[in-house]
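According to the working numbering, the first sequence is numbered sequentially starting from 5. Even for Gly, the Cβ is constructed at its ideal location relative to N, Cα and C. Worksheet: one structure, shown below.
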Amino acid sequence: MLRSNTSFLPGKELRLRGAFCLYGSLSAYGHVAAYGHEGPTRVDAGLESRDPSRPDSAPRRASRWHEGRLMSKPVRTRIAPSPTGDPHVGTAYIGLVNMVHARQNGGTFVFRLDDTDRSRYRADSEETLFRSLRWLGLDWDEGPDKGGDYGPYRQSERTEIYVEHVNRLLESGHAYRCFCTPEEIDAHRAQLRAEKKTPRAPRTWRDADPAAVKEQLAAGTPHVVRLRVPLEEDVTIHDLLRKDPITINTRELQDQVLLKADGYPTYHLASVVDDALFEITHIVRAEEWISSAPIHKLLFDAFGYPMPVLCHMPLLRNADKSKISKRKNPTSLLHYKEAGFLPEGLLNFLALLGWGGPKTPDGGNQEIFSLDEMIEHFRLDNVSLGSPVFDQAKLRHVNAEHLRALTPEEFVARTQAYMFDKERMLALAPLLAPRVETLGEVCERADFVFGEIHHFTPETRKLKDKNLRTVIAGLQPAGVEPLDAHFALREIREALEGLTEWTAETLEPTCRSLTNEDWVGWKAKTLFMAIRVAIAGKQETPPLFETMAILGKSRVLGRLDQAARALAEPGKKALKRWEKSKAERAGRRAASAAEAAGET
RNA sequence: GGCCCCAUCGACUAGUGGUUAGGUCACCAGCCUUUCAAGCUGGCAGCACGGGUUCAAGUCCCGUUGGGGUCACCA
5 MLRSNTSFLP
15 GKELRLRGAF
25 CLYGSLSAYG
35 HVAAYGHEGP
45 TRVDAGLESR
55 DPSRPDSAPR
65 RASRWHEGRL
75 MSKPVRTRIA
85 PSPTGDPHVG
95 TAYIGLVNMV
105 HARQNGGTFV
115 FRLDDTDRSR
125 YRADSEETLF
135 RSLRWLGLDW
145 DEGPDKGGDY
155 GPYRQSERTE
165 IYVEHVNRLL
175 ESGHAYRCFC
185 TPEEIDAHRA
195 QLRAEKKTPR
205 APRTWRDADP
215 AAVKEQLAAG
225 TPHVVRLRVP
235 LEEDVTIHDL
245 LRKDPITINT
255 RELQDQVLLK
265 ADGYPTYHLA
275 SVVDDALFEI
285 THIVRAEEWI
295 SSAPIHKLLF
305 DAFGYPMPVL
315 CHMPLLRNAD
325 KSKISKRKNP
335 TSLLHYKEAG
345 FLPEGLLNFL
355 ALLGWGGPKT
365 PDGGNQEIFS
375 LDEMIEHFRL
385 DNVSLGSPVF
395 DQAKLRHVNA
405 EHLRALTPEE
415 FVARTQAYMF
425 DKERMLALAP
435 LLAPRVETLG
445 EVCERADFVF
455 GEIHHFTPET
465 RKLKDKNLRT
475 VIAGLQPAGV
485 EPLDAHFALR
495 EIREALEGLT
505 EWTAETLEPT
515 CRSLTNEDWV
525 GWKAKTLFMA
535 IRVAIAGKQE
545 TPPLFETMAI
555 LGKSRVLGRL
565 DQAARALAEP
575 GKKALKRWEK
585 SKAERAGRRA
595 ASAAEAAGET
């Protein structure tokens with residue numbers, strides 16, 4: 005395979021390649037040469053390029069594999085996050101790679117908001133998303149908050165475009181209207197599962213009588229539009245990182261919903277249409293999308309749009325190698341910001357996953373580097389495919405290196421901004437002032453606000469230290485099993501998670517509602533102490549709900565997780581038992597509510 | 001379970017047919033130091049297994065095992 009690795013001189017080759025990436029020229033990287041075998045109308049561009057780092061190397065052939073004439077296109081990449089929750093490290097990771105690839109090719113990095121799921125939409129998370137990614141150091145050239153020539157960049161504002169596209173597919177026979185009810189679909193799937201077949205939506209309407217369709221349409225029956233997936237046909241996709249093409253037979257696929265009953269598109273439709281319209285050249289996204297790539301390929305083909313280069317990045321992992329999850333790892337960018345990580349440190353750490361960093365003369369990798377250095381040296385097609393564990397220890401180390409590189413002035417500025425944020429201090433002042441007698445006591449009194457708390461590692465529980473024992477005592481009241489205390493905290497967390505407004509006034513009733521007799525039997529006093537210790541690491545704090553409000557939702561939730569984890573790690577059986585108990589209690593609550601309603 | 005992806009120290013990685021398998025984190029030991037960090041020196045530790053191909057395999061091929069993803073009107 006040809007690659008300019010004889011000298012890892014910073015992006016020599018890339019610079020020469022210039023701002024334009026020959027559409028498909030990545031086949032020159034060798035292992036994607038298989039592209040050249042695809043497509044009925046492939047035209048050999050006959051272009052040759054040389055590896056500049058090896059003047060004597062054989063000329064490499066660049067070819068273009070899909071329809072039409074040779075066309076060079078400026079690189080355009082994108083991220084398309086959903087505003088449905090806290091900004092995720094995975095989003096940042098994929099965003100970083102997309103941005104770096106665009107930048108090093110003089111291309112454009114696009115931010116597109118995937119807000120087509122109206123039921124999960126949360127208005128506040130859109131702004132948080134922008135802010136968090138910007139904090140990290142990501143910056144996009146086009147986006148909902150920035151505009152651009154390809155807008156609108158919010159998919160919820162593009163529904164006419166999707167409907168128009170769906171109509172095209174309807175006319176060309178690539179899609180059909182499906183009037184099945186959700187119940188019918190579920191039943192069908194259940195039956196197929198029972199027969200040990202691939203569960204699929206029924207194809208009742210796939211070849212329905214046009215008259216019947218017209219009738220349903222006239223009656224205004226709710227319906228979706230589905231892709232008419234070919235019955236038995238191999239669909240082959242090419243991935244920049246995997247040398248073998250991936251072939252999936254359409255019998256593994258189902259007639260994917262394209263347009264939902266509420267008129268909004270599904271991810272599949274919206275992303276394909278927008279990637280085409282935005283002229284995205286490289287789709288760089290997480291590995292979990294591989295299995296739906298054939299659907300996308302089918303869609304690009306149905307529309308007659310050129311297929312972008314696909315690049316599926318490895319999934320970030322928990323220590324046990326499962327897909328990273330907030331249960332087992334903090335996944336919110338807010339957490340890392342609030343825990344005092346430097347954005348450049350986090351970014352550097354993320355860059356290390358799948359890539360070692362620039363090569364060093366001793367045969368190793370330079371692991372500490374800046375975004376600019378990454379843009380200079382990183383190569384998208386050289387990402388390693390293992391399952392990178394998001395290792396907190398390594399993250400801390402990388403962050404520490406960046407911290408140490410700060411000048412004293414910078415260090416002070418960063419620390420001040422982190423600890424004594426004016427807004428936060430103003431909120432804190434009325435709670436703190438009555439409780440201190442000198443300024444010297446401020447930090448001690450509110451230590452849990454200013455930084456991380458460390459009381460909840462599993463090791464802590466083994467310590468003999470008296471103070472720490474008290475801490476655990478609060479978390480786990482006398483006579484309560486660790487596992488029960490774990491679930492108590494977890495249940496609190498779940499209740500709080502649903503809160504959209506995070507103030508002392510909204511927090512109090514939510515917390516109090518968990519103290520009814522249906523609960524594990526704790527009094528308010530006990531429950532509130534457990535929460536207090538979990539979020540503050542000690543038993544003396546300003547009033548609980550005010551304290552929680554100031555700490556902020558993500559930190560409170562994160563610390564409840566942390567505390568729960570420190571108490572116990574429930575097994576599958578225990579989890580099941582808990583789920584069951586929750587359901588039963590919910591049932592009882594509903595029953596007693598109904599009874600109460602009946603009496604009045 | 002079907003389909004798909006993946007596989008180098010505990011973790012992140014370098015490696016693209018010929019290496020004493022390199023670097024970093026973590027861990028251990030020593031040095032430095034009033035303490036703790038940091039720093040320095042050293043150590044522990046890896047090509048999942050089995051078959052091929054080849055003069056030569058961590059590197060290529062096949063199989064096994066293991067891990068993961070995915071099977072929604074969520075993305």
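Per DSSP, H300 is one residue of the alpha helix (DSSP H) stretching across A297 to F307. Judged by DSSP secondary structure, K247 falls within the beta strand (DSSP E) whose first and last residues are R246 to N253. Just so you know, the alpha carbons of T285 and V313 end up roughly 6 Å apart. When DSSP states are grouped into helix, strand and coil, E236 belongs to the coil group.
Straight across, the Cα-Cα distance linking G349 with I379 is about 16 Å. Between the alpha carbons of G541 and F452 lies a gap of roughly 7 Å.
Per the DSSP secondary-structure output, I83 pairs in a beta bridge with F115. Beta-bridge partners of V228 (DSSP): C182. The alpha-carbon of I554 is positioned some 11 Å away from that of P546. Between H105 and the set W144, A212 and H406, the nearest pair of CA atoms involves W144. Under the DSSP assignment, A223 falls outside any beta strand (DSSP E), being part of the alpha helix (DSSP H) whose first and last residues are P214 to A223. Beta-carbon to beta-carbon, A205 and Q258 are separated by about 5 Å, close enough to satisfy the 8 Å threshold. Under a 10 Å Cβ-count criterion, G367 is classified as exposed, with fewer than 16 other Cβ atoms of the shown protein chains found around its own Cβ. Assigned with DSSP and collapsed to three states, A290 falls in strand. Annotation for L262: the continuous beta strand (DSSP E) segment containing it runs V261 to L263. Scanning its chain for C-beta atoms nearer than 8 Å, with the 5 sequence neighbours on each side dropped, one finds around T112 the residues P78, V79, R80, T81, A106, D145 and E146, in chain order. Contact between L493 and L564 holds, with the beta-carbon distance rounding to 5 Å and staying under 8 Å. A straight line joining the alpha-carbon of R418 with that of S596 spans about 54 Å.
Cβ contact annotation for H406 (same chain, cutoff 6 Å, sequence separation greater than five): L346, E348 and G349, in chain order. Ranked by Cα distance from L436, the first of T551, T251, A538 and E199 is T551. Taken atom to atom, the span from the alpha-carbon of P310 to that of A297 is near 14 Å. A499 sits close to T514, with the two beta carbons spaced by under 8 Å.
Under the three-state reduction of DSSP output, I328 falls in the coil class, being neither helix nor strand. Nearest in C-alpha terms to R116, of all of N109, T88, P156 and L140, is P156.
Setting aside the 5 residues that flank it on each side, F134 is surrounded in the same chain by D149, each with a C-beta closer than 6 Å to its C-beta; the list follows chain order.
The shortest CA-to-CA distance from N333 to any of S374, A433, L399 and C447 is the one to L399. The beta-bridge partner set that DSSP reports for H316 consists of R289.
For the 8 Å CB-CB criterion, V276 and H300 form a contact.
In this structure, P91 sits near L338, with a CB-CB distance shorter than 8 Å. Our two residues, L375 and E427, have alpha carbons roughly 30 Å apart in a direct line. Each residue's CA atom was taken as its position, placing G358 and F307 some 34 Å apart. Burial state of F424 is exposed, judged by a 10 Å Cβ sphere holding fewer than 16 other Cβ atoms.
With contacts defined by Cβ atoms closer than 8 Å, G94 and I328 form a contacting pair.
Bridge partners of E146 according to DSSP: V114. Around the C-beta of C447, fewer than 16 other C-beta atoms lie within 10 Å, and the residue is accordingly described as exposed. Going by DSSP, P412 is part of the alpha helix (DSSP H) stretching over P412 to M423.
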